[in-house]
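Heads up: the sequence shown begins at 81 in the working numbering, then just goes up one per residue.
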Amino acid sequence: MMQPSPVLVRIGPIAIHWYGVLIVTGAMLAAHIASKLSSRNGHDPEISWNLLLVCLISGVIGARIYHVISAWEYYRAHLNEVFGLQMSGFGIYGAVIGGTIGLWLFTKFSKLRFLEWADYAAPGLLLAQAIGRWGNFFNQELYGPPTKLPWGIYIAPENRLAGFEAFDYFHPTFLYESVLDFGGFLILFYLARNWRKGRLYGDIFFLYCLIYPVIRFFIEFFRPDAWKIGDVPTAQWISLAAIALSTTVLFVRHKLRRPNMIYVPGTPWRPPEIKEQDNAAVLSKDAEPPAPDHSAESEGQGRAKEG
81 MMQPSPVLVR IGPIAIHWYG VLIVTGAMLA AHIASKLSSR NGHDPEISWN LLLVCLISGV
141 IGARIYHVIS AWEYYRAHLN EVFGLQMSGF GIYGAVIGGT IGLWLFTKFS KLRFLEWADY
201 AAPGLLLAQA IGRWGNFFNQ ELYGPPTKLP WGIYIAPENR LAGFEAFDYF HPTFLYESVL
261 DFGGFLILFY LARNWRKGRL YGDIFFLYCL IYPVIRFFIE FFRPDAWKIG DVPTAQWISL
321 AAIALSTTVL FVRHKLRRPN MIYVPGTPWR PPEIKEQDNA AVLSKDAEPP APDHSAESEG
381 QGRAKEG
């Protein structure tokens, strides 16, 4: 039975893995989408590409930390593998948390509005997740329980979980999540481009924080290898908390609806101190006396020479 290889190509001793290629591809598409959305509001598209580097690094760190914690019983006995560079062993919730921290730090030091840029990043993030999930297919990991459905995927014996050695075909949970993530991307991308009336800065981001946890909550029912707290998968606990928190935040923010929270299309947000500097510069320019007009004098001199 044919099975996918986790390695796309080998160049001498260097192996280029499908997982890494898919993650980078998804991240670059996410940055491209963010640059398009932000440029519609007057921002330099280059900002999104600078942001990509920061969020990619912080996201990978967060994803790895989450995975190590989830499999601590293994890693406590294999500490040398904690910082391994193998193309597996990442947790998406850790990636989201790490990437969000990176985004916050970037916007803070760049004097940009965090929630505005979180809105630009959110649709592309779901697209990147939809693409990145196919890395699980090539690695033959994070699949569901055995199935006889026609779309079940073959898992090689060496990659089968304990207790499932006698089964050949399993639910492709990566495919289920990829399709749902792509659907979520289409919703958020449409809203980011077309929702104007009644929108607040941060709405697209908080909708992401609602949509993806709903997707993940149901996907976890198909995960026999899920990291659990009690009898409930940890990802479901996190999903429930995220759903409750994001729903509450959306409701409260729209109830308060302060002027500085209202989304203004076509206008990049600028911090108050920068606005004050700009206003002062305009006032200073207006206060300058007009330059003297020497045209009449020059015309008179010209006529005198002619006479």
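Just so it is clear, CB atoms sit at the ideal spot from N, CA and C, and this is done for glycine as well.
What do you get for residue i, buried or exposed, if any count of 16 or more other CB atoms within 10 angstroms of its CB means buried?
{"i": "Leu312", "result": "Rather than Leu, the amino acid found at residue 312 in this sequence is Val. By the 10 Å Cβ count, Val312 comes out exposed."}
{"i": "Pro345", "result": "exposed"}
{"i": "Phe254", "result": "buried"}
{"i": "Leu136", "result": "buried"}
{"i": "Ile299", "result": "buried"}
{"i": "Thr347", "result": "exposed"}
{"i": "Thr180", "result": "buried"}
Between which residues of its own chain and residue i is the CB-CB distance below 6 Å, once the five residues before and five after are set aside?
{"i": "Gly178", "result": "Ser138, Gly139, Ile141, Gly142"}
{"i": "Ala272", "result": "Leu117, Pro203, Ile284"}
{"i": "Arg213", "result": "Phe254, Glu257, Ser258"}
{"i": "Gly182", "result": "Val134, Cys135, Ser138"}
Report the CB separation of residue i from residue j in whole angstroms; it is logged as a contact under 8 Å.
{"i": "Gly215", "j": "Ile103", "result": "7 Å"}
{"i": "Gly122", "j": "Ile211", "result": "Rounded, the Cβ-Cβ distance is 29 Å, inconsistent with contact."}
{"i": "Pro225", "j": "Pro304", "result": "5 Å"}
{"i": "Arg296", "j": "Ser319", "result": "5 Å"}
{"i": "Ile233", "j": "Phe218", "result": "11 Å between Cβ atoms; not a contact."}
{"i": "Ile323", "j": "Trp317", "result": "No, Ile323 and Trp317 are not in contact; Cβ-Cβ is about 11 Å, not under 8 Å."}
{"i": "Ala236", "j": "Gln83", "result": "5 Å"}
{"i": "Tyr256", "j": "Phe302", "result": "7 Å"}
Along the chain, where does the alpha helix (DSSP H) containing residue i start, and where does it finish?
{"i": "Val148", "result": "126–150"}
{"i": "Val332", "result": "314–336"}
{"i": "Thr347", "result": "Element bounds for Thr347: n/a, residue is neither H nor E."}
{"i": "Ala272", "result": "253–274"}
{"i": "Leu287", "result": "283–299"}
{"i": "Lys188", "result": "172–189"}
{"i": "Leu195", "result": "194–212"}
By Cβ distance, which residues of its chain are closer than 8 Å to residue i, with the 5 residues on each side in sequence left out?
{"i": "Val332", "result": "none"}
{"i": "Leu268", "result": "Ala202, Pro203, Leu206, Ile284, Leu287, Tyr288, Ile291"}
{"i": "Tyr281", "result": "Arg193, Leu195, Glu196, Asp199, Met341, Ile342, Tyr343, Trp349"}
{"i": "Phe170", "result": "Val140, Ala143, Arg144, Tyr146, His147"}
{"i": "Ser150", "result": "Gly171, Trp307, Thr314"}
{"i": "Pro252", "result": "Phe217, Tyr223, Gly224, Trp231, Gly232, Ile233"}
{"i": "His112", "result": "Ser128, Gly204"}
{"i": "Val87", "result": "Ala95, Ile96, His97, Trp98"}
Can you give the Cα-Cα distance for residue i and residue j, rounded to whole angstroms?
{"i": "Val294", "j": "Ala321", "result": "11 Å"}
{"i": "Val156", "j": "Phe163", "result": "Reading off the sequence shown, one finds Arg at residue 156, where the question assumed Val. Looking at the two C-alpha atoms, the distance is approximately 12 Å."}
{"i": "Leu131", "j": "Ala246", "result": "47 Å"}
{"i": "Glu89", "j": "Lys277", "result": "Checking the sequence shown, residue 89 turns out to be Val, not Glu. Looking at the two C-alpha atoms, the distance is approximately 49 Å."}
{"i": "Pro93", "j": "Glu238", "result": "24 Å"}
{"i": "Ile127", "j": "Glu221", "result": "35 Å"}
{"i": "Gly174", "j": "Phe262", "result": "20 Å"}
{"i": "Asp100", "j": "Arg279", "result": "Inspection of the sequence shows that residue 100 is occupied by Gly rather than by Asp. Rounded to whole angstroms, Gly100 to Arg279 spans 36 Å at the Cα level."}
{"i": "Arg240", "j": "Leu109", "result": "33 Å"}
{"i": "Ile91", "j": "Ser85", "result": "15 Å"}
{"i": "Asp248", "j": "Thr227", "result": "9 Å"}
{"i": "Phe244", "j": "Ser115", "result": "45 Å"}
{"i": "Arg46", "j": "Asn274", "result": "Limits of the chain in this structure are 81 at one end and 387 at the other, which puts residue 46 out of reach."}
{"i": "Lys335", "j": "Leu159", "result": "49 Å"}
{"i": "Pro339", "j": "Leu330", "result": "16 Å"}
Which first and last residues belong to the beta strand (DSSP E) in which residue i is found?
{"i": "Ile96", "result": "94–97"}
{"i": "Val89", "result": "87–91"}
Output needed for residue i: all residues of its chain with C-beta closer than 7 Å, excluding positions within five of it in sequence on either side, in chain order.
{"i": "Phe186", "result": "Leu131, Val134"}
{"i": "Ala208", "result": "Gly106, Ala107, Leu109, Ala110"}
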